[in-house]
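> As you go down the protein sequences, you meet chains A and B in turn.
The first sequence begins at 1 in the working numbering and counts up one residue at a time.
The second sequence begins at 1 in the working numbering and counts up one residue at a time.
Note that beta-carbon positions come from the ideal geometry of N, C-alpha and C, so glycine has one too.
None of the values given here were measured: they were computed from a predicted structure.
Can you read through this structure? Questions will come right after.
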Amino acid sequence: MYNEEMTVSIRKVEAARAANAALEPRRMTAEEKDALLRTYHPDYKKGEFRTLKIGANAGEQVPTELAALLQGHSRINPDKIDLRHADYDVDVLIIGGGGAGSSAAIEADNHGARVMIVTKLRIGDANTMMAEGGIQAADKPNDSPAIHYLDAFGGGHFAAKPALLYKLVTEAPDAIKWLNDLGVEFDKDADGTMITTHGGGTSRKRMHAAKDYSGAEIMRTLRDEVLNRGIPVVDFTAVIEIVLDENGAAAGAVLLNMETGEIRIARAKTVVIATGGAGRLHYQGFPTSNHYGATADGLILAYRAGAKLLYADTLQYHPTGAAYPEQIFGALVTEKVRSLGAKLVNVNGEVFMHPLETRDVAAASIIRECSDRGNGVPTSDGVGVWLDTPMIELKNGEGTIEKRIPAMMRMFGKYGIDIRREPILVYPTLHYQNGGIDITPDGMSCVENLYVAG
Amino acid sequence: METVNVFLMGKKYEVPSNLTIMGAMEYAGYQLVRGCGCRNGFCGACATIYRVLGDPELHACLACQTKVENNMYVATLPFFPLVKQVYDMEKIKPTEQIMMQLYPEIYSCIGCNACTKSCTQGLNVMQYIAYAQRGEYAKCAELSFDCVMCGVCSSRCPAGISHPQVALLARRLNGKYLAPHTQHLDDRIAEIRDGKFEDLLSSLMNKPIDEIRELYNNREIEK
Chain A
1 MYNEEMTVSI RKVEAARAAN AALEPRRMTA EEKDALLRTY HPDYKKGEFR
51 TLKIGANAGE QVPTELAALL QGHSRINPDK IDLRHADYDV DVLIIGGGGA
101 GSSAAIEADN HGARVMIVTK LRIGDANTMM AEGGIQAADK PNDSPAIHYL
151 DAFGGGHFAA KPALLYKLVT EAPDAIKWLN DLGVEFDKDA DGTMITTHGG
201 GTSRKRMHAA KDYSGAEIMR TLRDEVLNRG IPVVDFTAVI EIVLDENGAA
251 AGAVLLNMET GEIRIARAKT VVIATGGAGR LHYQGFPTSN HYGATADGLI
301 LAYRAGAKLL YADTLQYHPT GAAYPEQIFG ALVTEKVRSL GAKLVNVNGE
351 VFMHPLETRD VAAASIIREC SDRGNGVPTS DGVGVWLDTP MIELKNGEGT
401 IEKRIPAMMR MFGKYGIDIR REPILVYPTL HYQNGGIDIT PDGMSCVENL
451 YVAG
Chain B
1 METVNVFLMG KKYEVPSNLT IMGAMEYAGY QLVRGCGCRN GFCGACATIY
51 RVLGDPELHA CLACQTKVEN NMYVATLPFF PLVKQVYDME KIKPTEQIMM
101 QLYPEIYSCI GCNACTKSCT QGLNVMQYIA YAQRGEYAKC AELSFDCVMC
151 GVCSSRCPAG ISHPQVALLA RRLNGKYLAP HTQHLDDRIA EIRDGKFEDL
201 LSSLMNKPID EIRELYNNRE IEK
């Protein structure tokens with residue numbers, strides 16, 4: 001499947017493979033990372049951001065594409081909306097049918113609430129479904145919530161809200177247990193020990209996985225549980241405005257049937273926004289690993305209702321999106337490929353960084369390799385560097401790829417690339433929004449009764 | 001630009017040859033509301049059947065994962081009514097009887113193998129159904145693991161089996177009841193509940209940023 005120029009480069013990668021596999025590349029110093037990020041990370045490109053003129057974050061910078069939506073007009077005429085007659089009346093209205101929305105629905109149901117999910121696609125058509133590598137929790141004897149806290153706080157450049165991070169690291173093991181009890185098939189040894197690997201920037205192996213379909217396995221289980229409980233799911237319906245009561249608290253939402261264009265009103269005691277990310281806005285023209293519905297709906301809804309955003313100007317570019325072939329341009333190549341031992345190699349067959357730096361550092365490093373250093377491999381859509389997957393089998397034995405990352409093998413296999421024998425081309429892809437809606441540790445935004453999960 | 005002719009829902013369009021079927025539909029001007037989800041082959045929203053002119057065989061695929069071919073006749077299958085039985089995971093047990101109770105139609109399998117032949121993921125569907133029939137849920141779970149629940153197998157099944165739902169039940173039974181129990185997870189949850197890490201966490205959280213930065217930059221990293 002590779003063209004001639006690529007094949008020439010592959011020969012160099014192959015020639016250096018044994019030496020590269022044995023190499024333990026130096027990790028960058030804090031100063032080197034700082035300089036690298038400032039020069040090459042897309043978050044630092046000033047021209048790609050705009051200052052907000054209205055709303056709770058007026059005066060702050062957000063990506064140009066997001067600013068246009070946050071400050072846009074409503075798509076409905078308030079005179080034509082009759083709020084006296086609600087079509088749905090529930091205790092908890094959940095907007096979004098991904099992992100967070102489904103989990104919230106199950107827990108609300110557990111506590112006896114009347115709950116309803118509304119989603120503009122189907123339940124489960126979500127980024128959760130696409131998470132490949134795994135889910136982190138400090139549950140091994142050599143690990144602790146405190147080490148997890150330090151890894152995550154440092155990995156996030158010490159900008160996290162401590163109370164939220166505390167909640168994350170102390171409740172993560174519970175979340176794994178909760179999922180396991182629902183029947184999620186985590187990878188385990190014969191004695192029940194979780195098989196865990198490193199993620200970028202982790203100091204302990206705490207990434208739990210279900211092969212490389214981790215998110216899909218979680219999502220299909222959650223979806224099944226929502227259906228078992230008979231929780232109503234209104235699908236192919238987008239929420240287009242949050243409704244506030246006379247005291248400014250969230251009291252429901254205006255819904256739009258995506259197929260018929262019909263408007264419906266939902267009344268609720270509590271509204272939960274679980275709409276996922278914004279990758280499909282394609283900030284700065286980057287490809288994205290995100291699903292079709294990741295268009296920042298939640299940010300816009302909440303902002304218009306008066307909620308405050310946090311860190312809307314910082315995005316996560318996953319360092320390894322597929323750069324070739326173009327049918328899967330931007331698709332996620334899981335971090336697990338690097339966790340298992342594949343290194344990043346340039347056009348000349350040289351390893352140019354430690355493969356497990358944090359994602360921002362790895363992305364910036366790849367962009368530098370492909371731009372100023374001129375060591376990228378040209379593709380029809382741009383440029384990429386090699387991720388030398390055959391190293392995995394060299395290091396861990398034949399069959400490792402099929403057993404541990406079958407989705408990757410299938411994704412490239414469809415285009416005639418056998419990742420057990422040939423390396424793959426990668427380039428950063430728009431993956432997460434690091435920020436979102438500012439919340440308290442119990443998940444509430446600064447609008448009363450408007451909660452956020454994700 | 002090299003182009004091919006494709007017939008989307010029977011109507012002819014000329015599209016660039018390097019597109020996926022989904023890309024071709026958008027190129028032709030379709031705005032996709034249904035039949036499009038993750039665009040990466042994980043969610044099963046874009047099940048599609050097609051036939052290439054001159055070839056009598058009907059093929060099934062995911063529209064986001066399949067390149068267009070010349071003279072390809074495409075019909076999307078964005079929804080297929082699977083049978084989903086309702087059960088309480090806390091009450092059911094991984095016995096052979098549970099499949100008989102919930103999905104008895106699996107025992108009507110006539111062995112035609114149309115499911116396997118149509119699987120968009122290339123799975124051995126008929127074999128995993130055979131494991132389910134025998135109550136071998138761990139094997140059924142393993143063999144069906146890559147299922148994206150697109151439903152194409154069920155659309156071709158003369159016995160009316162909803163294969164993806166059978167497999168999902170097997171996987172949940174396996175994950176919850178058959179896979180070995182994880183003791184270190186229970187231990188850690190108990191330690192957190194008993195406050196074992198509170199002092200460590202609060203001392204870390206109360207340090208000045210420079211000190212935390214120092215700790216982070218010099219932390220020991222497990223090999």
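(1) Locate the alpha helix (DSSP H) running through residue 110 of chain A, then write down its first and last residues.
(2) How is residue 71 of chain A classed by DSSP in three states: helix, strand or coil?
(3) What whole-angstrom Cβ distance do residue 343 of chain A and residue 405 of chain A have, given they're in contact under 8 Å?
(4) Whether or not the segment 143–158 of chain A and the segment 346–354 of chain A are in contact is what I'm after, with contact meaning three or more pairs of Cβ atoms, one per stretch, closer than 8 Å; do they touch?
(5) Give the straight-line distance between the Cα atoms of residue 64 of chain B and residue 281 of chain A, rounded to the nearest whole angstrom.
(6) Quick one: Cα of residue 167 of chain B to Cα of residue 232 of chain A, how far?
(7) Do the CB positions of residue 323 of chain A and residue 430 of chain A come within less than 7 Å of each other?
(8) When the Cα of residue 57 of chain B is compared with those of B:67, B:43, B:46 and B:73, which residue comes out closest?
(9) Can you give me the Cβ contacts of residue 33 of chain B inside the same chain, cut-off strictly under 6 Å, excluding the 5 residues immediately before and after it?
(10) Rounded to a whole number of angstroms, what is the C-alpha to C-alpha distance between residue 146 of chain B and residue 199 of chain B?
(11) Taking only the alpha-carbon atoms, compute the straight-line gap between residue 453 of chain A and residue 161 of chain A and give it to the nearest angstrom.
(12) Over what stretch of residues does the alpha helix (DSSP H) that includes residue 184 of chain B continue unbroken?
(13) Can you grab the Cα-Cα spacing for the pair residue 275 of chain A / residue 7 of chain A, in whole Å?
(14) What residue from A:25, A:383 and A:35 has the CA that sits closest to residue 5 of chain A's CA?
(15) If the cut is a Cβ gap below 9 Å, which residues of chain B does residue 182 of chain A touch?
(16) For the segment 244–263 of chain A and the segment 212–228 of chain A, state whether three or more C-beta atom pairs, one from each stretch, are separated by less than 8 Å.
(17) Please list, in chain order, the chain B residues whose beta carbon lies closer than 7 Å to that of residue 125 of chain A.
(18) State the DSSP-derived secondary structure class of residue 412 of chain A, mapped to helix, strand or coil.
(19) Any beta carbon of chain A sitting closer than 7 Å to that of residue 98 of chain B?
(20) Is DSSP giving residue 185 of chain A helix, strand or coil here?
(21) Of all Cβ atoms in chain B, is any one closer than 7 Å to the Cβ of residue 203 of chain A?
(22) If you measure from the beta carbon of residue 20 of chain B to each beta carbon in chain A, is any gap under 7 Å?
(23) Just to confirm my understanding: we take residue 9 of chain B, look at its own chain, exclude 5 residues before and 5 after, and list those with CB closer than 8 Å. What are they?
(24) Spatial neighbours of residue 417 of chain A within its chain, please: CB distance less than 7 Å, with the 5 preceding and 5 following residues excluded, ordered by chain position.
(25) Relative to chain B, which residues along the segment 291–322 of chain A have a C-beta separation below 9 Å, given in chain order?
(26) Among A:222, A:436 and A:94, whose alpha-carbon lies nearest the alpha-carbon of residue 449 of chain A?
(27) With C-beta atoms as the reference, is residue 75 of chain A less than 7 Å away from residue 235 of chain A?
(28) Hey, how far is the Cα of residue 3 of chain B from the Cα of residue 62 of chain B?
(29) Compute the distance between the beta-carbons of residue 16 of chain A and residue 349 of chain A, then report whether it is under 7 Å.
(30) Can you list the beta strand (DSSP E) stretches of 3 or more residues lying completely in the segment 258–295 of chain A, in chain order?
(31) Pull up the DSSP beta-bridge partners for residue 444 of chain A, would you.
(32) Which residues in chain B have a C-beta closer than 9 Å to the C-beta of residue 327 of chain A? List them in chain order.
(33) Taking residue 37 of chain B and residue 292 of chain A to be in contact with their CB atoms under 8 Å, please state how far apart those CB atoms are, rounded to whole angstroms.
(34) In the structure shown, what three-state DSSP assignment does residue 161 of chain B receive?
(35) Mind listing the chain B neighbours of residue 185 of chain A? Cutoff is C-beta to C-beta under 7 Å, in chain order.
(36) What are the partner residues of residue 351 of chain A, as DSSP defines its beta bridges?
Quick look at the numbers:
(1) 99–110
(2) Note: residue 71 of chain A maps to coil in three-state DSSP.
(3) Going by Cβ atoms, the distance from residue 343 of chain A to residue 405 of chain A rounds to 15 Å, so no, they are not a contact pair.
(4) no
(5) Rounded to whole angstroms, residue 64 of chain B to residue 281 of chain A spans 19 Å at the Cα level.
(6) 23 Å
(7) It is not a contact, given that the beta carbons lie outside the stated cut-off.
(8) When each option's Cα is compared against that of residue 57 of chain B, the closest is B:73.
(9) none
(10) When rounded, the distance between both Cα atoms is 43 Å.
(11) The straight-line gap separating the alpha-carbon atoms of residue 453 of chain A and residue 161 of chain A is approximately 15 Å.
(12) 183–193
(13) 42 Å
(14) A:383
(15) 89, 172, 175 and 176
(16) no
(17) 37, 38, 43 and 45
(18) It is helical.
(19) no
(20) coil
(21) yes
(22) yes
(23) 74, 75 and 76
(24) 1 and 424
(25) 291, 292 and 293
(26) A:94
(27) no
(28) 21 Å
(29) yes
(30) 263–273
(31) Under DSSP, residue 444 of chain A shares a beta bridge with A:451.
(32) Neighbourhood of residue 327 of chain A in chain B, by CB distance below 9 Å: 18, 19, 20, 23, 64, 65, 66 and 67, in chain order.
(33) 6 Å
(34) Residue state, collapsed to three classes: coil.
(35) 141, 171, 174, 175 and 179
(36) A:345
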